[in-house]
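Trainee: If you scroll down you'll find the structure; I have some questions about it.
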Amino acid sequence: MEDDHDLMQKIVSLAKRRGFVFPGSEIYGGLAGTWDFGHYGNELKRRVRELWWQAFVAGRDDMFGIDSATLMNEKVWEASGHTSEFSDPLVECGKCKRRFRADTIEGKKCPECGGALGETRQFNMMFATKIGAVDDSSSIGYFRPETAQGMFVNFKNILDAYHPTLPFGIAQIGRAYRNEITPRDFIFRAREFEIMELEYFVRKDEWEAHFEEWRTVMKKFLEQVGISKKLVHETELSAEDRAHYSKRTVDFEFDYPFGRKELCGIAYRTDFDLANHMRASGEHLEYHDEAAGDRFIPHVIEPTFGLERLILAIFVSAYREDELGEGKRAYLAFPKEIAPVKAAVFPLLKNKPELVAKAREVYTKLKKNTPNVMRDDNGNIGKRYRRQDEIGTPFCITIDFETLENDTVTLRDRDSGEQERVAVRELEERIT
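Pasting the structure below:
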């Protein structure tokens, strides 16, 4: 739909204009599928990460967080099945030699030049690299296409170091790399991205109950970060659509401007990974339940979030347009918990030293306990409001001449545009 295309263009434009997201390597013409996050984008990602970590790891007593290497031994990916199974269908134009994902092309003609497309073949999406100075088969390594294997290969280390009681989980947030055939749709499908996921180890006969428990936690988290419930849909994947390691997968799909696509998902990976790594490595990866007196390979529930896809869904959910004051405005209705800037402090007039000094005083006081507060005196008051609205700042605090008399300020609400007088001593409580 034209409206959806227009919305996407507005979000991409705002994201660059306000310093959220920039094209990667832009001054050299860019690099497809790579994106750089500016100050506000980085702050937004950081707050979403922190909320995820609190909800899925720090707020529980059965989780262990790790940070595994992005480079891994080639044998890891052979055992996990990625070397043979991690691929997408590819077609190549016989005329211009451009390559496309077969499932995104309609017909047999190249969408670029009109040439004939060849037969569909499978394209492995892992990024291979050479490790060390010797250039032979022993030097082959891969940048991880997922974070999961770092948790599986550390399963024995977690058992030996912490002696956890089943059920328990291993979690991490980290970068992953996929050599996408056709990266597209802004930050939705990129070649470098962040994953927030965990592997929760359970007894085989208990997996269904834990699957539903984590499914509920995921839904609560999506609401917490401001994802619109009406735009989220749960989809049970068929056997042919599931990953090679999964016996059950539920995708949470989101209505992006370019269509309904996967936002996050939960999978039942059975004992596929641990069993394969145990067989390939020769290491014992069984769990010993001393109370029950048995040994077994645990089964796994895996909730997974792609951080960039989540950020894009937050943008779509938060983007608003309305008529306010002098005319139409656009703003981002971020929840306070994830807003890159929680409040902006500025003097009514930047050429009045007494107002500038008082604004600095109020800002410094708030900054001590609320780090994501900023000062802004660029342009007139109306332009500052519009700028902060686009950044998604929930509150603007204006220091005026009345402030100098009674130590009150004008507190403006982003969503309604309403303003009220508030005592400086009450500001911290109001904005947090």
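1 is the number of the first residue of the sequence shown in our numbering; add one for each residue after it. Backbone N, C-alpha and C fix where the C-beta goes; we use that ideal spot for every residue, glycine too. These figures come from a predicted structure and were not determined experimentally.
Is residue 3 helix, strand or coil when you go by DSSP?
Mentor: Counting from one through the sequence shown, the residue named residue 3 turns up at place 3. Looking at residue 3 - three-state DSSP - the assignment turns out to be helix.
Trainee: Straight-line CA distance for residue 230 to residue 220?
Mentor: Taking the first residue of the sequence shown as position 1, residue 230 is located at position 230. Taking the first residue of the sequence shown as position 1, residue 220 is located at position 220. Answer to the nearest angstrom: the Cα atoms are 14 Å apart.
Trainee: Have a look at residue 456 and residue 53 and give me their C-alpha separation to the nearest angstrom.
Mentor: This structure cannot settle anything about residue 456, because the visible part of the chain is limited to 1 through 432.
Trainee: Is residue 389 closer than 7 Å to residue 346 when the C-beta atoms are compared?
Mentor: Here residue 346 is taken as the residue at index 346 of the sequence shown, counted from 1. Here residue 389 is taken as the residue at index 389 of the sequence shown, counted from 1. Not in contact: residue 346 and residue 389 (Cβ atoms no closer than 7 Å).
Trainee: Suppose the cutoff is 6 Å on Cβ atoms and the five residues either side in sequence are ignored; what does the same chain contact list for residue 218 look like?
Mentor: By 1-based counting over the sequence shown, the position of residue 218 is 218. Cβ within range, chain order: 303.
Trainee: Counting only C-beta atoms, is residue 152 closer than 7 Å to chain C at any point?
Mentor: As a matter of chain content, chain C is missing from the structure shown, which is built from one protein chain.
Trainee: Counting only runs that start and end within the segment 121-197, where is the beta strand (DSSP E) found for 3 or more residues in a row?
Mentor: Taking only runs of at least 3 residues, the beta strand (DSSP E) segments lying wholly in the segment 121-197 are 121-124, 127-130, 140-143, 168-177.
Trainee: When DSSP builds the beta bridges, which residues end up paired with residue 8?
Mentor: For this step, residue 8 is matched to residue 8 along the sequence shown. According to DSSP, residue 8 bridges with nothing at all.
Trainee: Alpha carbons only, please: which of 208, 91, 335 is nearest the one belonging to residue 250?
Mentor: In the sequence shown, the residue the question calls residue 250 occupies position 250. The candidate whose alpha carbon is nearest that of residue 250 is 208.
Trainee: So, using beta-carbon positions, are residue 265 and residue 193 closer together than 7 Å?
Mentor: Residue 265 sits at position 265 when you count from the first residue of the sequence shown. Residue 193 sits at position 193 when you count from the first residue of the sequence shown. Cβ atoms of residue 265 and residue 193: not closer than 7 Å.
Trainee: Considering only the beta carbon of each residue, do residue 186 and residue 12 sit closer than 7 Å?
Mentor: Here residue 186 is taken as the residue at index 186 of the sequence shown, counted from 1. Here residue 12 is taken as the residue at index 12 of the sequence shown, counted from 1. Yes, these two residues count as a Cβ contact at 7 Å.
Trainee: For residue 408, collect the residues of the same chain with a Cβ closer than 8 Å to its Cβ; drop the 5 residues on either side in sequence, then sort them by chain order.
Mentor: In the sequence shown, residue 408 corresponds to position 408, counting from 1. Around residue 408: 402, 421, 422, 423, 424.
Trainee: What is the rounded straight-line gap between the Cα of residue 74 and the Cα of residue 124?
Mentor: If you number the sequence shown from 1, residue 74 lands on position 74. If you number the sequence shown from 1, residue 124 lands on position 124. One C-alpha to the other measures close to 14 Å.
Trainee: Does residue 23 come out as helix, strand or coil in the three-state DSSP assignment?
Mentor: Against the sequence shown, residue 23 aligns to sequence position 23. Three-state DSSP puts residue 23 in a strand.
Trainee: Touch check for the segment 196-216 and the segment 165-179: three-plus C-beta pairs under 8 Å?
Mentor: Because the criterion of three Cβ pairs below 8 Å is met, the segment 196-216 and the segment 165-179 touch.
Trainee: Can you list, in chain order, the residues of its chain with a C-beta nearer than 6 Å to that of residue 150? Leave out the 5 residues immediately preceding and following it.
Mentor: Here residue 150 refers to the residue found at position 150 when the sequence shown is read from its first residue. Closer than 6 Å at Cβ, skipping near neighbours: 68.
Trainee: Assuming the contact rule is C-beta atoms closer than 8 Å, residue 253 and residue 237 should be a hit. Round their C-beta distance to whole Å, please.
Mentor: To locate residue 253, count along the sequence shown from 1; it is residue 253. To locate residue 237, count along the sequence shown from 1; it is residue 237. Residue 253 to residue 237, Cβ: 10 Å. No contact.
Trainee: Around the C-beta of residue 1, are 16 or more other C-beta atoms found within 10 angstroms, so that it is buried, or is it exposed?
Mentor: Numbered from its first residue, the sequence shown carries residue 1 at position 1. Bear in mind that the predicted position of residue 1 carries a pLDDT of just 40, short of 50, making it too unreliable to give a figure here.
Trainee: Less than 7 Å separating the beta-carbons of residue 271 and residue 297?
Mentor: Residue numbering aside, residue 271 sits at position 271 when the sequence shown is read from its first letter. Residue numbering aside, residue 297 sits at position 297 when the sequence shown is read from its first letter. Contact: yes.
Trainee: Could you check the C-alpha separation between residue 257 and residue 197 for me, to the nearest Å?
Mentor: Walking along the sequence shown from the start, residue 257 turns up at place 257. Walking along the sequence shown from the start, residue 197 turns up at place 197. Cα-Cα distance, rounded: 25 Å.
Trainee: For residue 287, which of helix, strand or coil comes out of DSSP?
Mentor: Start at 1 with the first residue of the sequence shown, and residue 287 comes out as number 287. Three-state DSSP puts residue 287 in a strand.
Trainee: What are the start and end residues of each continuous alpha helix (DSSP H) run of 4 or more residues lying completely inside the segment 306-366, in chain order?
Mentor: 307-318, all fully within the segment 306-366.
Trainee: Out of curiosity, what's the CA-to-CA distance linking residue 210 and residue 189?
Mentor: The residue given as residue 210 occupies position 210 in the sequence shown. The residue given as residue 189 occupies position 189 in the sequence shown. Straight-line Cα distance between these residues: approximately 30 Å.
Trainee: Of the residues 20, 115, 160, which one's Cα is nearest the Cα of residue 286?
Mentor: Within the sequence shown, residue 286 is the residue found at index 286, counting from 1. Closest option to residue 286, Cα to Cα, is 160.
Trainee: The ligand HEM and residue 240: does the residue's C-beta get closer than 6 Å to at least one heavy atom of that ligand?
Mentor: The model depicted lacks the ligand HEM and carries no ligand whatsoever.
Trainee: Does the segment 361-370 touch the segment 316-325, meaning 3 or more C-beta pairs lie closer than 8 Å?
Mentor: As far as the Cβ criterion goes, the segment 316-325 does not touch the segment 361-370, which means the pair count is below three.
Trainee: Report all residues from its chain with a CB closer than 8 Å to the CB of residue 154; omit the five preceding and five following residues, and keep chain order.
Mentor: Along the sequence shown, read from residue 1 onward, the residue named residue 154 stands at position 154. If we look at residue 154 and ignore the five residues flanking it on each side, its Cβ neighbours are 66, 68, 170.
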